[in-house]
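First up is the structure itself, then whatever we jot down about it.
In our numbering, the protein residues as written are 5 to 482.
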């Protein structure tokens, strides 16, 4: 049965998820694609972004209260998919509508396409962190190739192709069914280290490490209109190709993060590398007539990596009491990112260039300082927690303890995995270390611990240790 489920997941679930996420990422950026229409700054009014942020924040509050997953409803998926496809088509046909009508269309477009991306994050949760990350990386690569190929499509056919992409993405979103089957490769089961979040201070630090960099990144909205005057005949196609190359670069960066930073450095790469690199776009925007290919490479690659972190946010926080991952962090972080964008676009409209630039500098510097302090505190705190999670005495088990564990395991008919966890618990190891030792997620370890406690008739690790000691004494006396 397990192998059948695994095959179903591998050959039907994963490709569909990659296709759906890739299309969702493309549809989210239709407004910025010069191959389909002439891009103007009026397309980026703050109201659609504010409405999008408000909607997703409200749904995030709903998810935080433990309500059923929104994406689990077929009706919701169909409505979101239809709205995203229809509004994307209407955005591409924008010249046919009056300004008030077009503004309303853009509000619906932003709400539907933003919600589509967040709901994909929710739908990928049953896959586990590593498999979800691989799907997102592959989807970025597919969307990058498609965006690059789109530069070779005649302008008259660009809009129909993008509408077809929106329809295909919506169909994949409606049809996708996540199957919670064990991965065939052990590396795909490695959990992403989560924030401890034991106290309110831990929660504030965790949220700050994700949101403060997004606040400072909102200042890069000032670079939007820098390249728009360059959209002459032929230049739009070259810009489209540069956008595709930037997305491919972002996919490569995501793959490197998944391969080499799948540890406590995961968030630090985001805070101290990805977001600071995105500020190079402020420099390239000043010389965009000469550096526009580099400008697009920086903007689009870093934006895709930022979206990757947003979609992975649920795995960075502790699981619920029942051991499931809450999608609320993805909703919250995405809403904050879009809300910050709306605020900076509005400020750019009402402030003179000099005050706006000064405000941006203050926010960027303050964000760097705040993020650096939080990152340092996280490193120090996690280091202390790691030391506490290990036993203070030599971890080697005594022969009597090993014999007692073997006797108890046979008596209560423990499974092979439960025997492994039982032996480590008897040596006074904690769940985080056991998960790392056995290369499984903490939620999996905790599930086995609950089953193990129920079989042994104990309620805590302390009672388990007492049971093992009593059995060891009985074995010695006998």
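The beta carbon of each residue, even a glycine, is placed where N, CA and C say it ideally should be.
All of these numbers come straight from a predicted model, not from anything done at the bench.
Residue i - containing alpha helix (DSSP H), residue span
i, result
"residue 420", "420 to 430"
"residue 34", "No alpha helix (DSSP H) contains residue 34, which DSSP labels as neither H nor E."
"residue 161", "159 to 179"
"residue 455", "446 to 460"
"residue 332", "332 to 354"
"residue 299", "292 to 316"
"residue 437", "435 to 442"
"residue 263", "239 to 264"
"residue 57", "50 to 68"
"residue 114", "103 to 127"
"residue 46", "Premise fails: residue 46 is in no alpha helix (DSSP H) and is neither H nor E."
"residue 207", "204 to 221"
"residue 144", "133 to 154"
"residue 270", "270 to 273"
"residue 288", "284 to 288"
"residue 94", "78 to 96"
Selection from the options that minimises the alpha carbon distance to residue i
i, options, result
"residue 279", "242, 369 and 382", "369"
"residue 458", "17, 426, 440 and 444", "426"
"residue 352", "23, 49 and 28", "49"
"residue 30", "442, 92 and 210", "92"
"residue 160", "473, 437 and 241", "241"
"residue 3", "431, 444 and 446", "The requested residue 3 is not part of the displayed model; the chain covers only 5 to 482."
"residue 308", "226, 281, 296 and 448", "281"
"residue 82", "109, 179 and 211", "179"
"residue 176", "110, 134, 87 and 25", "25"
"residue 449", "156, 273, 323 and 412", "323"
"residue 104", "47, 153, 74 and 374", "47"
"residue 67", "337, 410 and 356", "337"
"residue 166", "20, 35 and 360", "35"
"residue 435", "419, 453 and 418", "453"
"residue 461", "54, 478, 412 and 445", "412"
"residue 302", "366, 283, 294 and 100", "283"
"residue 559", "108, 226, 474 and 69", "Examination of residue 559 is not possible in this model, given that the chain is present from 5 through 482 alone."
"residue 466", "360, 107, 383 and 433", "433"
"residue 210", "268, 134 and 442", "268"
"residue 286", "416, 216 and 365", "365"
"residue 383", "445, 270, 406 and 294", "270"
"residue 272", "441, 198 and 239", "198"
Residue j beta carbon less than 9 Å from that of residue i
i, j, result
"residue 341", "residue 250", "no"
"residue 23", "residue 143", "yes"
"residue 254", "residue 306", "yes"
"residue 314", "residue 346", "no"
"residue 224", "residue 139", "no"
"residue 196", "residue 320", "yes"
"residue 3", "residue 258", "For residue 3 there is no data in the structure shown, the boundaries of the chain being 5 and 482."
"residue 468", "residue 429", "yes"
"residue 296", "residue 207", "no"
"residue 137", "residue 262", "yes"
"residue 244", "residue 155", "yes"
"residue 148", "residue 276", "no"
"residue 505", "residue 339", "The first residue shown for the chain is 5 and the last is 482, placing residue 505 beyond what the model contains."
"residue 274", "residue 363", "no"
"residue 299", "residue 292", "yes"
"residue 80", "residue 116", "no"
"residue 134", "residue 266", "yes"
"residue 408", "residue 473", "yes"
"residue 374", "residue 216", "yes"
"residue 152", "residue 32", "no"
Closer than 9 Å to chain C by CB, residue i
i, result
"residue 475", "In the displayed structure, chain C is absent; only one protein chain is listed."
Presumed contact (8 Å Cβ cut-off) between residue i and residue j, rounded CB distance
i, j, result
"residue 172", "residue 27", "5 Å"
"residue 476", "residue 404", "4 Å"
"residue 111", "residue 52", "5 Å"
"residue 422", "residue 456", "5 Å"
"residue 200", "residue 371", "Between residue 371 and residue 200 the Cβ distance is about 23 Å, and since that is not below 8 Å, they are no contact."
"residue 75", "residue 126", "5 Å"
"residue 21", "residue 89", "Rounded, the Cβ-Cβ distance is 18 Å, inconsistent with contact."
"residue 229", "residue 45", "4 Å"
"residue 114", "residue 55", "7 Å"
Check: residue i C-beta below 8 Å from any heavy atom of the ligand MG
i, result
"residue 445", "This structure simply doesn't include the ligand MG, nor any ligand for that matter."
(request) Would you be able to state if there are at least three C-beta pairs under 8 Å between the region 325 to 339 and the region 116 to 135? (result) The region 116 to 135 is in contact with the region 325 to 339.
(request) Mind the definition here: the region 58 to 69 touches the region 113 to 127 only if three or more C-beta pairs lie below 8 Å; say whether that holds. (result) The count of Cβ pairs closer than 8 Å, one atom from the region 58 to 69 and one from the region 113 to 127, reaches three, so the stretches are in contact.
(message) Would you call the region 93 to 101 in contact with the region 34 to 42, where contact means no fewer than 3 C-beta pairs closer than 8 Å?
(response) Enough Cβ pairs lie closer than 8 Å, so yes.
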